[in-house]
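Protein chains in written order, with this note's numbering: chain Z, 1 to 230; chain B, 231 to 636. Each remark here refers to the structure printed beneath this line.
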Amino acid sequence: METIRLVNLCKYYEMGQEEIRALDDINLSIQQNEYVAFMGSSGSGKSTMLNILGCLDRPTSGQYFLNSKDVSSMNADELAEIRNREIGFIFQSFNLLPKLSALANVMQPLIYSGVTLEQRKLRAEQALNQVGLADRLDHVPNQLSGGQRQRVAVARALVTKPSILLADEPTGNLDSRTTAEIMSLFDELHAEGHSIIIVTHEQDIAEHCQRVIRLEDGQIAADDSRQEAA
Amino acid sequence: MFILLESARSAYQSIRAHGFRSILTTISITIGVAAVIALVSIMQGVSVYIEDQLSGLGANGILIQSFTSQSDRLQGRRNKLTVTDYELIARQVDGISSITPILVGTGVNQVQYQGETMAAQVLGSTFNYQNVSLDYINEGRFISDSDNQTRRRVAVIGEDVRLNLSMPDNPVGEFIQIGSEWLRIIGLMEIKGQIFGQSQDNNVIIPFNTMQSIVGNQVEPDVVIQLSVTDINLLDATIDRITFLLRNAHNLIPGDENDFLIQTSEQIAETINSILSVITIALGGVISISLLVGGIGIMNIMLVSVTERTREIGICKAIGAKRQQILLQFLFEAVFQCLLGGVIGLVIGYGLGAVVSVYIGIVEAIVPVWVALLAVSFSALIGIIFGMMPASKAAALDPIEALRFE
Chain Z
1 METIRLVNLC
11 KYYEMGQEEI
21 RALDDINLSI
31 QQNEYVAFMG
41 SSGSGKSTML
51 NILGCLDRPT
61 SGQYFLNSKD
71 VSSMNADELA
81 EIRNREIGFI
91 FQSFNLLPKL
101 SALANVMQPL
111 IYSGVTLEQR
121 KLRAEQALNQ
131 VGLADRLDHV
141 PNQLSGGQRQ
151 RVAVARALVT
161 KPSILLADEP
171 TGNLDSRTTA
181 EIMSLFDELH
191 AEGHSIIIVT
201 HEQDIAEHCQ
211 RVIRLEDGQI
221 AADDSRQEAA
Chain B
231 MFILLESARS
241 AYQSIRAHGF
251 RSILTTISIT
261 IGVAAVIALV
271 SIMQGVSVYI
281 EDQLSGLGAN
291 GILIQSFTSQ
301 SDRLQGRRNK
311 LTVTDYELIA
321 RQVDGISSIT
331 PILVGTGVNQ
341 VQYQGETMAA
351 QVLGSTFNYQ
361 NVSLDYINEG
371 RFISDSDNQT
381 RRRVAVIGED
391 VRLNLSMPDN
401 PVGEFIQIGS
411 EWLRIIGLME
421 IKGQIFGQSQ
431 DNNVIIPFNT
441 MQSIVGNQVE
451 PDVVIQLSVT
461 DINLLDATID
471 RITFLLRNAH
481 NLIPGDENDF
491 LIQTSEQIAE
501 TINSILSVIT
511 IALGGVISIS
521 LLVGGIGIMN
531 IMLVSVTERT
541 REIGICKAIG
551 AKRQQILLQF
561 LFEAVFQCLL
571 GGVIGLVIGY
581 GLGAVVSVYI
591 GIVEAIVPVW
601 VALLAVSFSA
611 LIGIIFGMMP
621 ASKAAALDPI
631 EALRFE
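Right, here's the structure in full:
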């Protein structure tokens, strides 16, 4: 089943007099349970791609279908709901709420989807258990190591049972040992049936994925599928 | 409902996380509300107290005094009520249950006893005084009609006079000196307490005729006439009748101003209460400004807080928070802080009101429930008004920009 379909998708920015074509006429289809890496140098358009795929931003023209729904024409609140239900974000700098415990951080998105307190607690505990942090529920982010923080972030992304996990340089702030840990976590999640999209500039990370899409100057330069990976 | 509850929970957590700052922010509201409550409780206390005190005149009571207008006064004229006026009213007005003339001894106020001297309010009156002023005897007896007729040198004193002159507990039979006259004490009045820190117990009451002879008979004295009517419904009719009689007796032609003033306890209370409400309104204005300043303080802190938490807001938006949810959270934060300030202010205001009431000598400090509710809801309103701008700013943040914010 097709999870993501981009049709003639463009994103332009005005920079003074100049028009920057961050994404230029992209056509793309991503199936359910795919494990995709977007690669490219800075300025290639991969951050813009991530923002649009994550429904944080809207395209200038073209269409974006997420589970066959056209999200490119939705308003801010509708997009917020899509982000809440369909997308699990994982950021390079973790982006946990600093004053909240690991458990509360994972519970947070469920507040926005209207889940009761008891259910939130239960589901957040399960998610933290899944990423191997069952014993760190009450720690606040600065009591956790980088790898642990990213696991909390993964748990937060998983807890709403989204259609895709979107990871932006998920290991950019981690050392090589924790990078390996987090990547094997992603591999497991993929094996469990999750669709995962990783934006990275590191070849090692992209190696884990089945499909590597290279962006250059806002266009798809290469789209390689390698069935043997992952 | 769910959104409200969750926003309230988040707001509460955030206020707790910034405990000290939250308290500082609420202080201005606290002070404003405390001032309102203290003001109201003191003013209410004063007003209740005045009504209590004026009930000394009684609801059926009428007080008649001479009145000299400003222009007459400048021409050196001084209007008077005379004993003749008193007799006229006593004789020709129906429905009077008690009436007495009162002569205040101007220049006669030094009271001596065994070498001690004090200034007291010396009044000349009759037996009826205790009925019209509802002022009764504690020890001994009051002035009798025969005391008056025979100009006996006797006096009834108030508790403060007894204390100041170091008299025995029961001063009956002791002698005091007023001017050059020696008077025997025949009674001690009940304690009445203070009004505005002014003792009501430093009276010396002597027979009216005795007073007249002490003041001297050369000058016609200016008397005050106090009376009570048998039926409160006759009050207005009685006032009209007295006005008619006195105008006739004083040869006033139509168009002339009354040269006397007739007051009832109700009128006196109204006058004092109207002064009190002017004071209350003026102070209330000042306090509203302090609440306004408090509101601006809240807005300021909230704006700082929104900027400081831009990234957090971005995260919340990325994981699915809608504008309304962010808006409500920040609005609740402002409202909670104001409410907290309001409630603390309420408690402090009650305390302050009670302390001041005791200090100025009024017993009861009463704050009506509606004032307390109004003060607290007003502070919540301030939270909504001044929280709205920062909260909308937070809600309107672009998630991508907010996430990029360092």
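Using N, Cα and C, we set each Cβ at its ideal position, and we do this for glycine too. None of these values were measured; they are calculated from a predicted model.
- Taking the alpha-carbon positions, what's the Ser443/B to Arg381/B distance? If you take the alpha carbons of Ser443/B and Arg381/B, they lie about 8 Å apart.
- Item | Local conformation of Lys11/Z per DSSP, three classes | DSSP places Lys11/Z in the strand class (E or B) of the three-state scheme.
- Item | Nearest to Val323/B (by Cα), restricted to the options Asn433/B, Phe474/B, Glu500/B and Arg634/B | Of the candidates Asn433/B, Phe474/B, Glu500/B and Arg634/B, the residue whose Cα lies closest to the Cα of Val323/B is Phe474/B.
- Query: My guess is that Ala625/B and Val565/B are in contact by the Cβ rule of under 8 Å, so how many angstroms apart are they, rounded?
  - Reply: Taking the Cβ atoms as the reference, Ala625/B lies roughly 15 Å from Val565/B, outside the contact range of under 8 Å.
- Whole angstroms is fine: what's the gap from Ala230/Z's alpha carbon to Gln32/Z's? Residue placement at Ala230/Z is flagged as unreliable, the pLDDT there being 40, under the threshold of 50; the coordinate-derived value follows with that caveat. Computed Cα separation, rounded: 15 Å.
- What residues in its chain sit with their C-beta under 8 Å from that of Ala222/Z, if we drop five residues either side in the sequence? Annotation for Ala222/Z: Val212, Ile213 and Arg214 place their beta carbon closer than 8 Å to its own, counting only its chain and skipping 5 residues before and after.
- Item | Local conformation of Val386/B per DSSP, three classes | Strand, per DSSP.
- Message: At the 9 Å Cβ level, is Phe91/Z part of the contact set with chain B, yes or no?
- Response: Yes, because at least one Cβ of chain B sits closer than 9 Å to the Cβ of Phe91/Z.
- Any idea what DSSP makes of Tyr64/Z, helix, strand or coil? In this structure, Tyr64/Z counts as strand in the three-state DSSP scheme.
- Compute the Euclidean distance between the alpha carbons of Ala155/Z and Tyr13/Z, then round it to the nearest angstrom. Rounded to whole angstroms, the separation of the alpha carbons of Tyr13/Z and Ala155/Z is 34 Å.
- If I'm right that Ile233/B touches Cys568/B with Cβ under 8 Å, what's the distance once you round it to whole angstroms? About 21 Å; that fails the 8 Å criterion.
- Query: Taking the runs of the beta strand (DSSP E) that are 3 residues or longer, which of them lie wholly in the segment 308 to 365 of chain B?
  - Reply: The qualifying runs are 326 to 334, 340 to 343, 346 to 349 and 351 to 355.
- Message: Less than 6 Å between C-beta atoms, sequence neighbours within five positions excluded: which residues of the same chain meet that for Phe65/Z?
- Response: The beta carbon of Phe65/Z sits closer than 6 Å to those of Arg5, all from its chain and outside the five residues before and after it, given in chain order.
- Can you tell which of Arg471/B, Leu561/B and Leu603/B has its C-alpha closest to the C-alpha of Gly575/B? When only C-alpha atoms are compared, the closest one is Leu603/B.
- Query: How big is the Cα-Cα spacing for Leu311/B and Glu404/B?
  - Reply: Near 34 Å, if we compare the C-alpha coordinates of Glu404/B and Leu311/B.
- Message: For the alpha helix (DSSP H) containing Phe232/B, name the first residue and the last one.
- Response: Taken as a continuous stretch (DSSP letters only), the alpha helix (DSSP H) holding Phe232/B covers Phe232 to Ala247.
- Message: Does the CB of Gly249/B have a neighbour CB from chain Z at under 9 Å?
- Response: No - not a single Cβ of chain Z is within 9 Å of the one on Gly249/B.
- Measure from the alpha carbon of Ala157/Z to the alpha carbon of each residue in Gln130/Z, Asp204/Z and Cys209/Z, then state which is nearest. Answer by Cα proximity: Gln130/Z.
- Can you say whether Glu389/B is buried or exposed, counting buried as having 16 or more other CB atoms within 10 angstroms of its CB? So Glu389/B ends up on the buried side.
- Message: Out of Asn530/B, Ile578/B and Ile545/B, which one is the CA nearest neighbour of Gly617/B?
- Response: Measuring from the Cα of Gly617/B, the nearest candidate turns out to be Asn530/B.
- Item | Inter-residue Cα distance where the pair is Thr540/B and Gly583/B | Answer to the nearest angstrom: the Cα atoms are 43 Å apart.
- Close-in-space but distant-in-sequence residues of the same chain around Met231/B (CB under 6 Å, 5 per side omitted): Contacts found: none.
- Message: 9 Å is my cut-off, CB to CB: does Pro629/B come that close to chain Z?
- Response: With 9 Å as the cut-off, Pro629/B counts as an interface residue toward chain Z.
- Bridge partners - Ser296/B, DSSP secondary structure assignment: Per DSSP, the beta-bridge partners of Ser296/B are Phe490/B.
- Query: Gly262/B: which of Thr537/B, Leu491/B and Ile517/B sits nearest, CA to CA?
  - Reply: Comparing Cα-Cα distances from Gly262/B to each of Thr537/B, Leu491/B and Ile517/B, the minimum goes to Ile517/B.
- Query: Beta-carbon of Ala230/Z versus every beta-carbon of chain B: anything under 9 Å?
  - Reply: In this prediction, Ala230/Z scores a pLDDT of 40, lower than 50, which makes its location untrustworthy; the coordinate-derived value is nonetheless stated afterwards. Chain B contact via Cβ: absent.
- Message: Quick check on Lys547/B - is its C-beta less than 9 Å from some C-beta in chain Z?
- Response: Output row for Lys547/B: interface = yes.
- Task: Starting from Arg156/Z, find everything on chain B with Cβ-Cβ shorter than 8 Å and list it in chain order.
- Result: The contacting residues are Ile549.
- Who are the neighbours of Pro109/Z on chain B, taking C-beta pairs under 8 Å? What Pro109/Z touches in chain B: Ile549 and Gly550.
- Message: Counting only Cβ-Cβ distances shorter than 8 Å, please list the residues of the segment 553 to 570 of chain B near chain Z, keeping chain order.
- Response: The residues in question are Arg553, Gln554 and Gln555.
- Query: To the nearest whole angstrom, what separates the beta carbons of Val341/B and Val270/B, a pair I think is in contact under 8 Å?
  - Reply: Their Cβ separation, rounded to whole angstroms, is 41 Å, which puts Val341/B and Val270/B out of contact at 8 Å.
- Between the segment 70 to 80 of chain Z and the segment 142 to 149 of chain Z, do three or more beta carbon pairs fall short of 8 Å? Not touching, per the Cβ criterion.
- Query: Mind pulling the chain B residues with CB within less than 8 Å of Lys99/Z?
  - Reply: In chain order: Gln243, Ser244 and Ala247.
- Rounded to a whole number of angstroms, what is the C-alpha to C-alpha distance between Ala247/B and Lys99/Z? A direct Cα-to-Cα measurement between Ala247/B and Lys99/Z gives close to 7 Å.
- Can you find at least 3 beta carbon pairs, one from the segment 549 to 566 of chain B and one from the segment 93 to 112 of chain Z, that sit closer than 8 Å? Taking 8 Å as the limit for Cβ pairs, the verdict is that the segment 93 to 112 of chain Z does touch the segment 549 to 566 of chain B.
- Report the rounded CA-to-CA distance for Phe297/B versus Ser277/B, giving the unit in angstroms. Rounded to whole angstroms, Phe297/B to Ser277/B spans 26 Å at the Cα level.
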